[in-house]
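Take a look at the structure below.
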Amino acid sequence: MCLSGTSVGRSLISMPDEQLAAPLCLESFRRRKAAAPINSEHAQFTIADVAAACGLPQPVVAQLVPRTWTDAGWMYTADQLQFAVQIGPDVRAGEYVSPRQD
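Counting in UniProt numbering, the sequence shown runs from 1 upward without gaps.
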């Protein structure tokens, strides 16, 4: 038990067990590390562009959507933007569960 009276590994916010097992920010990090290298020439979208396209706040996009490092900083490719658009409705509905990386 933690000092607050909750058991270890449990959140004060109710959520499905599969979300408790894999924090979304870590899953995003693991996906980026496992992804094949992407030619940074194709990374042309900013986080603001992606957020506007998928209807999610920029901090959510930063946690859930893989991104590419370029000379100009973190940018998104067309495929990464499309991923954001695909998951957007589920995230907004509170139904998105990040795929497990085993």
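Positions of the beta carbon are idealized from the N, C-alpha and C atoms, including for glycine. Quantities reported herein were computed from a predicted structural model and do not represent experimental measurements.
Any non-hydrogen atom of the ligand MN closer than 7 Å to residue i Cβ
| i | result |
| --- | --- |
| residue 91 | The model on display carries no ligand, and the ligand MN is accordingly not part of it. |
Residues bridged to residue i [DSSP beta-bridge criterion]
| i | result |
| --- | --- |
| residue 45 | 76 |
Straight-line gap, residue i to residue j (C-alpha atoms, nearest Å)
| i | j | result |
| --- | --- | --- |
| residue 88 | residue 71 | 28 Å |
| residue 47 | residue 92 | 17 Å |
| residue 74 | residue 56 | 17 Å |
| residue 36 | residue 42 | Its pLDDT being 46, under 50, residue 36 is placed unreliably by the model, and nothing is read from it. |
| residue 86 | residue 58 | 16 Å |
| residue 90 | residue 44 | 25 Å |
| residue 21 | residue 49 | The predicted position of residue 21 is uncertain, since its pLDDT is 49 and thus under 50; no value can be drawn from it. |
| residue 94 | residue 76 | 24 Å |
Spatially closest choice to residue i from the options, by CA coordinates
| i | options | result |
| --- | --- | --- |
| residue 100 | 47, 42, 45, 64 | 64 |
| residue 61 | 81, 95, 42 | 81 |
Residue i and residue j closer than 8 Å at C-beta
| i | j | result |
| --- | --- | --- |
| residue 54 | residue 78 | no |
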